[in-house]
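See below for the structure under consideration.
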Amino acid sequence: MDKTFDPSRVEAQWCQTWEADGCYQPSGSGKPYSIMIPPPNVTGTLHMGHAFQHTVMDALTRYHRMAGFDTLWQPGTDHAGIATQMVVERNLKLAGEPSRAELGREKFLDKVWEWKKYSAGTISQQIRRMGSSVDWSREAFTMDPAYSKAVVEHFVRLHEDGLIYRGKRLVNWDPVLQTAISDLEVVQEEENGKLWHFRYPLANGATYVNAEGETLNYIVVATTRPETMLGDTAVAVHPEDERYQHLVGKTVMLPLCNREIPIVADDYVDPAFGTGCVKITPAHDFNDYALGQRHKLPLINVLTKAAAINDDVPEPYRGLDRVLARKKVVADLEALADSTASAPITSTEEGKPVYPRGLVDKIVDHKLKVPRGDRSGAVLEPYLTDQWFVDLIRETRHDGQPGNGGLRAITKPAIDAVESGRIRFVPDNWKTTYFHWLNNIQDWCISRQLWWGHRIPAWYDGAGQVYVGRDEAEVRAKHGLAASVPLKQDEDVFDTWFSSDIWPMATLGWPENTESLKKYYPSSVLVTGFDIIFFWVARMVMMGQYFQQDVPFKDVFITGLVRDPEGNKMSKSKGNVLDPLDVVDGITLDALIAKRTTGLMNPATAPKIEAKTRKDYPKGIEAVGVDALRFTFAALATNGRDVRFDAARAEGYRNFCNKIWNASRFVLINVGALDAETGEATAAVSLDGEVTLSTADRWIISRLQKLEAEAAAHFEAYRFDLLAASLYQFIWNEYCDWYLELTKPVMQGSDELAKRGARRTLVRVLEVWLRLLHPIMPFITEEIWQKVAPLAQKTGKTIMLEPYPVANPERIDEAAEADVEWLKGFMLGVRQIRGEMDIPPGKPVPVLIQNTSAADAERIARFESSVSFLARLESIRVLGAADEAPQSATALLGSMKILVPMAGLIDKAAELARLAKLKAKLENDLKMNEARLASDKFVNGAPAAVIDKERARVAQQKAELATLSEQEARISAL
RNA sequence: GGACAGUUAGCUCAGUGGUAGAGCAUCGCCUUCACACGGCGGGGGUCACAGGUUCAAGCCCUGUACUGUCCA
Numbered sequence: 006m007d008k009t010f011d012p013s014r015v016e017a018q019w020c021q022t023w024e025a026d027g028c029y030q031p032s033g034s035g036k037p038y039s040i041m042i043p044p045p046n047v048t049g050t051l052h053m054g055h056a057f058q059h060t061v062m063d064a065l066t067r068y069h070r071m072a073g074f075d076t077l078w079q080p081g082t083d084h085a086g087i088a089t090q091m092v093v094e095r096n097l098k099l100a101g102e103p104s105r106a107e108l109g110r111e112k113f114l115d116k117v118w119e120w121k122k123y124s125a126g127t128i129s130q131q132i133r134r135m136g137s138s139v140d141w142s143r144e145a146f147t148m149d150p151a152y153s154k155a156v157v158e159h160f161v162r163l164h165e166d167g168l169i170y171r172g173k174r175l176v177n178w179d180p181v182l183q184t185a186i187s188d189l190e191v192v193q194e195e196e197n198g199k200l201w202h203f204r205y206p207l208a209n210g211a212t213y214v215n216a217e218g219e220t221l222n223y224i225v226v227a228t229t230r231p232e233t234m235l236g237d238t239a240v241a242v243h244p245e246d247e248r249y250q251h252l253v254g255k256t257v258m259l260p261l262c263n264r265e266i267p268i269v270a271d272d273y274v275d276p277a278f279g280t281g282c283v284k285i286t287p288a289h290d291f292n293d294y295a296l297g298q299r300h301k302l303p304l305i306n307v308l309t310k311a312a313a314i315n316d317d318v319p320e321p322y323r324g325l326d327r328v329l330a331r332k333k334v335v336a337d338l339e340a341l342a343d344s345t346a347s348a349p350i351t352s353t354e355e356g357k358p359v360y361p362r363g364l365v366d367k368i369v370d371h372k373l374k375v376p377r378g379d380r381s382g383a384v385l386e387p388y389l390t391d392q393w394f395v396d397l398i399r400e401t402r403h404d405g406q407p408g409n410g411g412l413r414a415i416t417k418p419a420i421d422a423v424e425s426g427r428i429r430f431v432p433d434n435w436k437t438t439y440f441h442w443l444n445n446i447q448d449w450c451i452s453r454q455l456w457w458g459h460r461i462p463a464w465y466d467g468a469g470q471v472y473v474g475r476d477e478a479e480v481r482a483k484h485g486l487a488a489s490v491p492l493k494q495d496e497d498v499f500d501t502w503f504s505s506d507i508w509p510m511a512t513l514g515w516p517e518n519t520e521s522l523k524k525y526y527p528s529s530v531l532v533t534g535f536d537i538i539f540f541w542v543a544r545m546v547m548m549g550q551y552f553q554q555d556v557p558f559k560d561v562f563i564t565g566l567v568r569d570p571e572g573n574k575m576s577k578s579k580g581n582v583l584d585p586l587d588v589v590d591g592i593t594l595d596a597l598i599a600k601r602t603t604g605l606m607n608p609a610t611a612p613k614i615e616a617k618t619r620k621d622y623p624k625g626i627e628a629v630g631v632d633a634l635r636f637t638f639a640a641l642a643t644n645g646r647d648v649r650f651d652a653a654r655a656e657g658y659r660n661f662c663n664k665i666w667n668a669s670r671f672v673l674i675n676v677g678a679l680d681a682e683t684g685e686a687t688a689a690v691s692l693d694g695e696v697t698l699s700t701a702d703r704w705i706i707s708r709l710q711k712l713e714a715e716a717a718a719h720f721e722a723y724r725f726d727l728l729a730a731s732l733y734q735f736i737w738n739e740y741c742d743w744y745l746e747l748t749k750p751v752m753q754g755s756d757e758l759a760k761r762g763a764r765r766t767l768v769r770v771l772e773v774w775l776r777l778l779h780p781i782m783p784f785i786t787e788e789i790w791q792k793v794a795p796l797a798q799k800t801g802k803t804i805m806l807e808p809y810p811v812a813n814p815e816r817i818d819e820a821a822e823a824d825v826e827w828l829k830g831f832m833l834g835v836r837q838i839r840g841e842m843d844i845p846p847g848k849p850v851p852v853l854i855q856n857t858s859a860a861d862a863e864r865i866a867r868f869e870s871s872v873s874f875l876a877r878l879e880s881i882r883v884l885g886a887a888d889e890a891p892q893s894a895t896a897l898l899g900s901m902k903i904l905v906p907m908a909g910l911i912d913k914a915a916e917l918a919r920l921a922k923l924k925a926k927l928e929n930d931l932k933m934n935e936a937r938l939a940s941d942k943f944v945n946g947a948p949a950a951v952i953d954k955e956r957a958r959v960a961q962q963k964a965e966l967a968t969l970s971e972q973e974a975r976i977s978a979l
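Note that our numbering has the first sequence beginning at 6, numbered continuously upward.
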């Protein structure tokens with residue numbers, strides 16, 4: 006064994022061995038425990054967020070596997086329709102290859118499959134390297150043949166049950182990708198815009214008198230979308246708005262189009278917004294659409310799929326992009342001088358237009374929410390198209406057949422699953438988010454005008470009649486359509502989430518009722534981020550409840566987001582992403598900068614990204630290994646909080662690995678299994694036979710029981726941060742700092758029974774602790790366990806399949822723990838004197854003890870040799886009450902005085918300062934405590950036990966203070 | 001506008017009623033035979049603010065401020 010732990014060597018070896026030996030596959034007859042991986046998108050490679058969640062899932066998987074469960078972690082990837090199609094299109098462009106349109110559907114899809122193979126391969130390699138113990142024999146992809154069959158099946162069944170419909174509806178349209186998207190894929194961003202006020206002349210020369218007493222022949226409408234006025238089919242006012250009530254039922258002449266449109270009353274209109282008159286464009290606004298339905302208004306679509314103006318408007322606007330159209334509409338309205346409603350067209354001296362001007366009444370600045378596509382970033386248009394929807398809000402079937410509509414069939418059961426506690430969110434507060442969304446849900450648009458995805462299993466005949474079925478043959482058979490009747494399959498594909506919503510079922514073989522499905526459904530826990538609670542979590546619950554009449558998972562553990570050191574979200578465009586393997590293997594600053602600044606959508610940001618990278622990682626990133634990275638994630642996985650990734654912390658845990666490594670070397674050397682000089686393995690001494698267990702042995706065994714109990718509790722509560730802290734603290738601050746040190750004098754002594762006791766305890770405690778740590782740090786624990794286990798008479802092939810340690814309360818030894826606490830206090834006293842009196846650590850010192858209690862005296866006798874060894878004491882002498890102590894530096898352990906004679910060497914000022922400091926703190930505390938005891942409220946109100954404790958504390962502090970004062974007087978007198 | 005979360009040591013964060021903790025950073029001493037990716041010791045916090053409940057509040061309640069996220 007080398008002196009320094011080298012992660013890369015052991016990682017490569019164990020990944021292969023575990024997988025080859027089938028350790029990742031479910032086995033045994035224990036209770037099933039299963040986790041379905043949230044399938045990563047085949048859009049590239051895994052990021053820190055994946056590595057984080059995989060660490061959590063693998064820790065849970067390994068823990069339950071060791072704890073005897075029949076454990077399955079199901080792997081796989083998601084085809085991710087829009088996202089993947091975009092990546093491939095961009096790659097084609099960068100490579101100068103023919104575009105999607107030029108290739109055509111079939112050839113383009115070949116390219117996507119090629120990319121999918123590459124991406125899924127990279128992802129699986131990354132998962133393997135992280136040590137994730139997924140069952141590769143079950144690896145799935147959402148477009149596998151079997152999976153695709155399940156996707157079709159769940160669509161057809163929902164359709165048969167009257168829960169799917171096709172209809173011409175206003176949907177969110179992405180004019181860049183030229184597809185419909187769902188409500189969830191829309192991000193609303195506040196942007197600076199304008200509110201244009203237009204005059205619409207009343208038709209037939211009508212006039213009215215406004216509140217100011219002016220006679221007007223027009224009304225003013227306010228809009229943020231001037232170009233849509235070409236599709237206006239009404240003007241609306243609030244029914245109780247006295248300003249306009251008398252105009253309801255009259256008409257206005259729509260400028261530029263010269264169409265007569267009605268003035269309607271509807272309480273959707275906010276009289277306080279703008280002028281209180283709203284232009285209504287039912288084909289291009291969701292609210293207007295609803296209003297149009299109520300008033301039976303015609304719909305005039307004025308846009309093409311690319312959001313240019315179509316041919317259903319006056320000639321001058323046809324073919325214009327929506328931005329240009331907006332400018333032209335406003336300019337034309339401003340220039341309209343021939344309308345009776347027009348204002349004079351004037352300009353300031355500087356040539357700036359003066360409003361009102363023509364038919365433009367005024368233009369004011371306005372902040373508005375602009376809807377953009379979450380993938381393309383394009384400004385979306387509400388657009389009227391034929392799409393497929395899942396009914397989620399109707400009471401009864403939309404087709405009039407008997408049965409429940411989506412509200413009762415799908416939405417309510419999903420709410421009920423969480424409300425009833427059958428699904429538990431961790432942390433709990435996420436269920437509020439879940440309920441809020443489901444209680445305000447709309448029908449789900451599941452068709453996408455893309456090529457990459459599952460083709461919708463619907464066929465059209467020449468008359469436009471649509472037939473749904475599992476395949477064309479079934480459709481023909483079911484509807485009696487002869488082979489001569491031409492049928493054409495729907496060109497569109499499903500929303501990606503309409504395939505991943507059955508992930509927990511379809512990966513187990515659904516719709517077949519397979520053994521796997523029976524055994525591993527519902528899964529035990531879903532580990533995911535809050536960002537896909539709506540997209541994915543809720544929809545899996547819907548489908549699971551609908552098709553399996555059971556929840557898809559029992560717990561939902563919501564992890565925080567992994568952020569950069571400044572707390573920003575990591576994203577490629579911000580240039581702050583980290584590849585988890587770059588933390589594992591290390592990367593130079595230059596290489597990291599190169600990685601972050603190549604292939605940028607906007608190359609102009611490169612200098613900024615470089616500067617930030619130089620600031621965050623001035624020396625690049627040191628290699629820390631997989632175990633350290635996993636431990637870092639575990640330690641930072643506080644419930645309900647985002648994780649700021651801190652490379653320094655990962656380095657700290659790399660050091661921790663080294664500590665473990667060297668502690669193990671110590672153990673192996675001390676049982677003779679390792680040659681300290683050569684690093685070669687040797688034959689260990691026998692640990693069989695009778696032993697004596699020292700206080701230290703009993704202490705560390707006792708502490709281990711408590712650690713085992715904590716570990717179980719922390720797994721149960723998903724508190725990986727506390728688990729990591731407990732494991733860290735035990736091995737470093739207890740086992741290494743104290744227990745190992747306490748065994749050293751034993752090993753140098755001649756008591757063979759005590760030596761064997763110490764050796765056996767060293768080995769056994771380490772062996773158990775390695776198993777406790779294994780779920781978080783699989784590699785180093787396996788590597789060391791292989792060497793330590795035989796000494797503990799363990800014969801298993803791998804630590805992975807060994808039982809997870811369970812606490813034995815009978816081995817808790819409070820007396821031993823109290824003894825060791827006393828011993829630590831004694832050591833601290835001597836070390837403080839050494840430190841502050843500048844006594845070199847190697848120089849043996851004599852120690853005098855005064856003011857001992859009976860218990861002190863007994864412990865001194867018992868631990869004399871240990872303490873002398875560890876504190877490098879020359880001697881320990883207990884002074885009687887009458888004995889005069891020489892001039893010394895003092896430390897206190899309770900009221901016992903630990904004196905180190907300074908024989909004239911004492912720095913009087915330094916020692917007085919030290920004592921004064923101790924006294925000041927003590928006096929402060931004492932004053933506070935005495936005040937509390939003097940308070941009637943406290944004495945009358947607090948429980949007796951608390952009062953007793955307080956009294957004892959005050960007595961103790963008084964005694965300590967007296968001792969300190971006495972010592973202070975003695976030193977002053979020198 | 002509504003909802004949720006956060007505000008504790010220089011930094012990143014634990015701490016669900018009984019005198020504030022960790023890691024990193026920092027200062028001093030030490031290359032002592034497991035480990036300098038180490039050991040020992042030290043310094044550093046009016047727990048965002050204001051009220052309230054309680055014998056007792058970082059913790060419970062109310063309000064305010066700021067930060068972040070989601071929804072409208």
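Note that the Cβ used here is the ideal one computed from N, Cα and C, for glycine as well.
With a cutoff of 9 Å on beta-carbon distance, Gly630 and Ile785 are scored as near each other. Considered as a whole, the region 904–945 harbours 913–939 as its complete alpha helix (DSSP H) runs of no fewer than 4 residues, in chain order. Comparing alpha-carbon positions, the option among Asn581, Ser576, Phe535 lying closest to Gly565 turns out to be Phe535. Burial is judged here by how many other beta carbons sit within 10 angstroms of a residue's own beta carbon; Lys954 has fewer than 16 and is exposed. Distance check between Gln79 and each of Glu841, Glu107, Ser129, Ile87 places Ser129 closest, using alpha-carbon atoms only. 9 Å or more divides the Cβ of Ile451 from the Cβ of Ile266. Note that the C-beta distance between Leu385 and Pro180 is below 9 Å. Listed as beta-bridge partners of Pro783 by DSSP are no residues whatsoever. A distance below 8 Å between beta-carbons, with the five flanking residues on each side excluded, links Asp555 to the following residues of its chain, in chain order: Tyr526, Pro527, Gly549.
Under the Cβ criterion (8 Å, minimum of three pairs), the region 217–236 does not count as touching the region 112–128. In this structure, the beta-carbon distance from Val676 to Val690 falls below 9 Å.
With contacts defined by Cβ atoms closer than 9 Å, Leu745 and Ala668 form a contacting pair.
Scanning Glu196, Asn197, Asp742, Leu175 for the CA closest to the CA of Ser187 turns up Leu175.
Three or more Cβ pairs closer than 8 Å define a contact, and the region 810–821 meets that threshold against the region 692–711. Residue pairing by DSSP places Met842 in no beta bridge whatsoever. Judged by DSSP in its simplified three-state form, Glu807 adopts coil rather than helix or strand. Using a C-beta cut-off of 8 Å, the region 411–419 makes no contact with the region 502–514, since fewer than three inter-stretch Cβ pairs fall below that distance. Annotation: the continuous alpha helix (DSSP H) that includes Asp621 extends over 611–621. A straight-line Cα-Cα distance of about 40 Å links Leu884 and Tyr733. Under the 10 Å beta carbon count, Val328 is surrounded by fewer than 16 other beta carbons and is classified as exposed. In the displayed model, Cys262 falls within coil according to three-state DSSP, outside both helix and strand. Only residues of its own chain outside the window of five on either side were considered, and among them Leu51 have a CB closer than 6 Å to the CB of Gln131, listed in chain order. Taking a cut-off of 8 Å on C-beta distances, the region 362–370 touches the region 198–205, as three or more cross pairs fall below it. Here the region 61–78 makes no contact with the region 105–119; the two share fewer than three CB pairs at distances below 8 Å. For Pro387, no alpha helix (DSSP H) run applies; the uninterrupted beta strand (DSSP E) run containing it begins and ends at 386–395, by DSSP. Ranking Val431, Thr438, Ile844, Gly405 by CA distance to the CA of Ile420 puts Thr438 first.
Considering only Leu634, Leu605, Tyr740, the residue with the shortest C-alpha distance to Lys664 is Tyr740. Counting along the chain, the unbroken alpha helix (DSSP H) around Trp442 starts and ends at 435–444. Taking 9 Å as the cut-off, the Cβ atoms of Met842 and Met901 do not count as close.
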